[in-house]
Amino acid sequence: VPEVKESLLIGVVGLGARGLEAVRRLSTIPGARVAAVCDSDRTRAAAVAAERAAAGAPPNVFSGPEGWRALCAEADLDLVYVTAPWLMHVPVALAAMASGKHVAVEVPAALTVEDCWALVEASRKSSRACVQLENCCYGEIELLAKNLADMGMLGTLVHAEGGYVHRLFGPGCPPDEMWRAEWNMSHRGNQYATHALGPICMMLGIGVSDRLDHLVSLECAPFDFSGFARENGLEPREGMMGDHNTTLIRTVKGRSILLRHDVASIRHRSRGLHLQGTLGVMNDDPFRIAWTSRENGGAEEWLDPEALKLVREAYRHPLWKMYCERARTVDKHGGMDWLMDFRLVTALREGSKPDTDVYDLAEWCSIAELSERSVDMRGSSVSIPDFRST
Ligand SMILES: NC(=O)c1ccc[n+]([C@@H]2O[C@H](COP(=O)([O-])OP(=O)(O)OC[C@H]3O[C@@H](n4cnc5c(N)ncnc54)[C@H](O)[C@@H]3O)[C@@H](O)[C@H]2O)c1
């Protein structure tokens, strides 16, 4: 039996909205210890370190724009946890693996196909885990859908839909983070695909029994986003993000996936999961299920609210059953962030394989560049690389 590491020592890079939450959350995970923190902003790094010190667990502190290099070189750390802005993800991940650390990277871990390959190569060469922190894989509804699929309740899965629809950059909508809007000023396509695609890939067995093959992508004009840009001193330009991107993927086995990305339009926030199988269908927004039976032969009616409630309880994912009460108390996203961290820390402490790997990361992240290429070619088909090939 492999020995379980008593404490997994973690260094967190980037202590903004997401990083601060991560430090607080990781501090509640059994066997996890935040041993180092880093932010380019000295005051922010010092404040987070002081908070941990007050809780009796002072971390080493690194700061300045290059502080992450020293954190990655720290001899004692086991895992570097990256919650910095997008363009810092790959440099930090490569430095962490080069000095023998596992690395976990916020979404999107990479934005170009070249960077996806660089992470794959580095993880292979160093034999270190390089995983994406795709919390939506652990959402209650996503895990319920996966459980229904794994138990065969929906039959053979044929089609899935999901999206990131969250108004960050509309007119009259002051930004929290300009670095992200600036990236969107010069990139079309779905630059934030993984919240929808990650869970769908887990449901469809992508990387296990199927693979993403090719995509087409189409985008409307920046009706709302150009208003946001003007209000925030950014000149609208050719090649900036349109308000709504729709990307369609076909898998090698012939299943289809539809992804939406819309961070500008006035709409309620939604991941809009829809999972269609030969025996039934599950919808997240609104939550509905229909499945065929001997009696109805066709699944043309949604289950009534009472039956739906019973199904939701009966098919709740075992992980969610086991940990949701605990997870909900520390997590702004209803428990999925805690569950994601708990699974990762436990796997690394036990020396077992985390739930996702660098190939999943690469496959999901490659959609940013590939969908942009397709949009630029008026929706032409673009092949998705097989990152698992040797
Ligand atoms: N999974 C989710 O649900 C979710 C939610 C929000 C954000 N995110 C992701 O989390 C990441 C961070 O987003 P955020 O909203 O916390 O951003 P943020 O702007 O609030 O925080 C980023 C932090 O990184 C620091 N930073 C910048 N350059 C640095 C450097 N060179 N070295 C060290 N620190 C540096 C900044 O000072 C800031 O404190 C992004 O990848 C974002 O897409 C994920």
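For the sequence shown, my numbering assigns the number 973 to the initial residue and increments by one for each residue that follows. By construction, the Cβ of each residue, glycine as well, lies at the ideal position given by its N, Cα and C atoms. A quick note: this is a predicted structure, and the numbers were derived from the prediction, not measured.
Which residue's Cα is closest to the Cα of residue i: the options?
i: V1077; options: I1356, D1348, D1313, K1325; result: D1313
i: H1074; options: L1105, V1033, S1352, S1198; result: L1105
i: L1169; options: G1244, S1353, E1322; result: G1244
i: H1289; options: N1255, R1152, L1176, A1121; result: A1121
i: E978; options: A989, G1003, L987; result: G1003
i: D1303; options: D1196, W1089, N1107, G1226; result: N1107
i: F1359; options: A1094, M1150, N1119, A1193; result: A1094
i: N1156; options: E1278, L1049, W1058, R1041; result: W1058
i: E1335; options: G1127, A1026, V1103, E993; result: V1103
i: T1301; options: A989, G1127, V985, R997; result: R997
i: S1181; options: L980, L1129, L1275; result: L1129
i: A1007; options: A1022, D1013, G1127, G1205; result: A1022
i: I1178; options: A1090, D1257, G1226; result: G1226
i: G1036; options: A1056, G1028, A1029; result: A1056
i: I1001; options: D1011, V1347, L980, V985; result: L980
i: R1366; options: G986, N1217, E1297; result: Nothing about residue 1366 can be reported from this structure: the residues present for the chain run from 973 to 1362 only.
i: T1166; options: G988, R990, C1337; result: C1337
i: V1354; options: A1201, R1024, D1276, L1220; result: L1220
i: A1081; options: S1343, M1349, I1339; result: I1339
i: G1144; options: T1015, P1277, M1174, A1201; result: A1201
i: R1014; options: S999, E1038, V1330, L1206; result: E1038
i: H1061; options: M1349, T1362, L1333, V1347; result: L1333
i: K1293; options: C1173, A989, N1119, P1063; result: N1119
i: C1109; options: A1101, R990, C1173, H1240; result: C1173
i: N1367; options: A1193, G1142, L1190; result: With the chain represented from 973 up to 1362, any question about residue 1367 goes unanswered, as that position is not in the structure.
i: L1320; options: R1100, A1026, G991; result: R1100
i: A1025; options: S1012, W1040, S999; result: S999
i: Y1164; options: W1089, W1274, S1343, P1357; result: S1343
i: W1151; options: P1171, M1123, H1186, L1206; result: L1206
i: I1356; options: L992, K1097, W1089, K1325; result: W1089
i: S1361; options: A989, W1274, L1184, R1222; result: L1184
i: A1133; options: G1124, R1096, P1171, P1146; result: According to the sequence as given, residue 1133 is Glu; it is not Ala. It is P1171.
i: R1239; options: D1215, A1117, S1324; result: D1215
Can you pull the DSSP bridge partners for residue i?
i: I1221; result: L1187, I1229
i: R1360; result: DSSP, once it has assigned bridges, lists no residue as partnering R1360.
i: R1005; result: L981
i: R1260; result: N1255
i: H1216; result: None; H1216 has no bridge partner.
i: Y1053; result: V984, A1076
i: L1129; result: G1249
i: N1107; result: N1107 pairs with nothing; no bridge assigned.
i: S1355; result: H1186
i: D1137; result: The sequence as given places Val at residue 1137; Asp does not occur at that position. Beta-bridge pairing links V1137 to D1234, S1242.
i: S1035; result: D1011
i: C1102; result: V1075
i: I934; result: Absent from the model: residue 934. The displayed extent of the chain is 973 to 1362, so no value can be given.
Please look up how many angstroms separate the CB atoms of residue i and residue j, rounded, as I've assumed it's under 8 Å.
i: E1341; j: V1085; result: 5 Å
i: H1131; j: S1228; result: 5 Å
i: A1365; j: V1054; result: Residue 1365 lies beyond the stretch modelled for the chain, which goes from 973 to 1362, so this question has no answer here.
i: S1242; j: D1196; result: Contact doesn't hold; Cβ gap of about 17 Å is too wide.
i: D1327; j: R1315; result: 6 Å
i: G1351; j: V1224; result: With 8 Å as the limit, G1351 and V1224 do not qualify as a contact, their Cβ atoms being about 21 Å apart.
i: P1031; j: V1009; result: 5 Å
i: M1254; j: L1126; result: 7 Å
i: V995; j: V984; result: 5 Å
i: L987; j: V1020; result: 5 Å
i: I1261; j: L1280; result: 6 Å
i: F1034; j: A1018; result: About 11 Å separates the two Cβ atoms, so there is no contact after all.
i: V976; j: E1322; result: 5 Å
i: V1370; j: E1191; result: Examination of residue 1370 is not possible in this model, given that the chain is present from 973 through 1362 alone.
i: R1005; j: A1029; result: 7 Å
i: A989; j: D1148; result: 7 Å
Give a single yes or no on whether residue i has its beta carbon closer than 7 Å to a heavy atom of ligand 2.
i: H1305; result: Summarising the ligand content, the structure contains ligand 1 and does not contain ligand 2.
Counting pairs of Cβ atoms below 8 Å between the region 1242 to 1249 and the region 1210 to 1218, do you hit three or more?
-> no
Can at least three beta-carbon pairs, one atom from the region 1284 to 1295 and one from the region 1111 to 1118, be found at a separation below 8 Å?
-> yes
Cβ contact check for the region 1129 to 1147 and the region 1219 to 1237: 3 or more pairs under 8 Å | yes
Looking at C-beta atoms only, is the number of pairs between the region 1035 to 1045 and the region 1056 to 1072 that lie closer than 8 Å three or more?
-> Counting Cβ pairs under 8 Å, three or more are found: they touch.
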